[in-house]
Amino acid sequence: MTDGDGSCELEPEPEPEFTVFYRLDRQDLVIDIGGRGFAEAIAGQDPDAIRGRIIGTSLFDHVAGHFTRRFLREFLGVARSARVQRRRMYRCDSTTDKIVMEMRATAEADGGVLLEHREVTSQPLSIPVPLAFAKTWKTANARRCSMCNRLQARGATQWVEPDAFVAGGASPIVIHTVCQACRVVRGEAKMKSVRDLHAASLLTDTASTRLRERSRS
Ligand SMILES: [Zn+2]
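FYI, our numbering numbers position 216 of the sequence shown as 220, with every residue one higher than the one before it.
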């Protein structure tokens with residue numbers, strides 16, 4: 005299970021190769037950022053400069069999309085109020101790979117939270133999916149779910165896998181949201197397995213995702 009009981013873990017587990025963490029104060033201001041994947045994620049930029057730009061800002065300054073922000077607020081809220089570790093799988097694809105990540109929120113002292121993004125698995129997309137990001141819905145042609153990375157074309161009801169979307173020749177220009185199926189924080193029944201996430205990419209325009217735009221050539 006990925007998110008199920010929300011219990012704290014007791015036994016240590018190996019650190020994945022790619023992790024980025026944000027340490028937040030009670031008001032969601034970033035007080036630290038780092039992790040094993042941090043240097044890789046910022047792809048050659050100066051880590052101190054990036055840290056300096058992010059520390060002291062609100063996490064939500066780096067999260068695009070109303071529903072994505074709402075989801076994240078609720079996710080952090082559950083971890084804080086229950087004082088447990090919450091976990092949630094999501095997709096955070098690169099242009100060429102399906103990447104399954106796990107987001108963990110762990111309550112800390114004084115209302116703080118440690119928010120971690122950990123890579124679980126990755127596999128190549130059937131074809132590359134170059135995305136352009138629109139600032140508003142007006143200039144977009146599709147919505148992208150921040151949790152499962154599926155795309156919904158303007159006027160369509162179906163959410164489709166990104167590689168299926170571009171296979172028809174479309175070039176996605178997206179805004180971010182959270183699809184209906186993924187808008188569940190408390191009821192974990194719809195929790196997706198890694199396989200579901202593969203078969204079928206929070207935070208897609210968050211700092212974490214921008215940080216994750218690494219080259220996988
Ligand atoms: Zn979704």
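Where is the CB? At the ideal position from N, CA and C, for every residue including glycine.
| Item | Value |
| --- | --- |
| Do A111 and F79 come within 7 angstroms of each other at the CB atom, strictly closer than that value? | no |
| Quick one: is the Cβ of M151 within less than 6 angstroms of any heavy atom of ligand 1? | yes |
| For ligand 1, any of its heavy atoms closer than 6 angstroms to the Cβ of C183? | yes |
| With hydrogens ignored, establish whether the beta-carbon of C96 is closer than 6 angstroms to any heavy atom of ligand 1. | no |
| Can you tell which of A171, L63, P132 and K142 has the C-alpha that lies nearest to the C-alpha of R30? | L63 |
| Apply the 10 Å Cβ neighbour rule to G39 and answer buried if 16 or more other Cβ atoms are within range, or exposed otherwise. | buried |
| Does DSSP classify A160 as helix, strand or coil? | coil |
| For the alpha helix (DSSP H) containing P128, name the first residue and the last one. | Element bounds for P128: not the alpha helix (DSSP H) but the beta strand (DSSP E), V117 to P128. |
| Just the Cα atoms here: how many angstroms apart are E165 and A45? | 24 angstroms |
| Quick check on the DSSP output: the alpha helix (DSSP H) that includes F25 runs from which residue to which? | Looking at the DSSP string, F25 is not in any alpha helix (DSSP H); the run it does join, the beta strand (DSSP E), is T23 to L28. |
| From V124 to T23, what distance separates their C-alpha atoms? | 10 angstroms |
| Distance, Cα to Cα, A83 vs A185? | 21 angstroms |
| Measuring CA to CA, which of Q89, F169 and S150 is closest to Q157? | A small fix is needed here, since residue 157 is Ala in this sequence, not Gln. Nearest option by C-alpha distance: F169. |
| Rounding to the nearest angstrom, what Cα-Cα distance links Y94 and T61 in this structure? | 24 angstroms |
| For S62, which residues does DSSP report across the bridge? | L33 |
| Comparing C-alpha positions only, which one of E17, F75, V88 and I37 sits nearest to Y26? | I37 |
| Count the other CB atoms within 10 Å of the CB of G115; is the residue buried (16 or more) or exposed (fewer)? | exposed |
| Going by the CB atoms, is the gap between L28 and V117 shorter than 7 angstroms? | yes |
| Does DSSP classify K139 as helix, strand or coil? | coil |
| When the Cα of T255 is compared with those of S130, A113 and P18, which residue comes out closest? | Residue 255 is absent from the structure shown; the chain starts at 5 and stops at 221. |
| Suppose the cutoff is 6 angstroms on Cβ atoms and the five residues either side in sequence are ignored; what does the same chain contact list for S126 look like? | D101 and I103 |
| From R148 to P18, what does the alpha carbon distance come to, in whole angstroms? | 32 angstroms |
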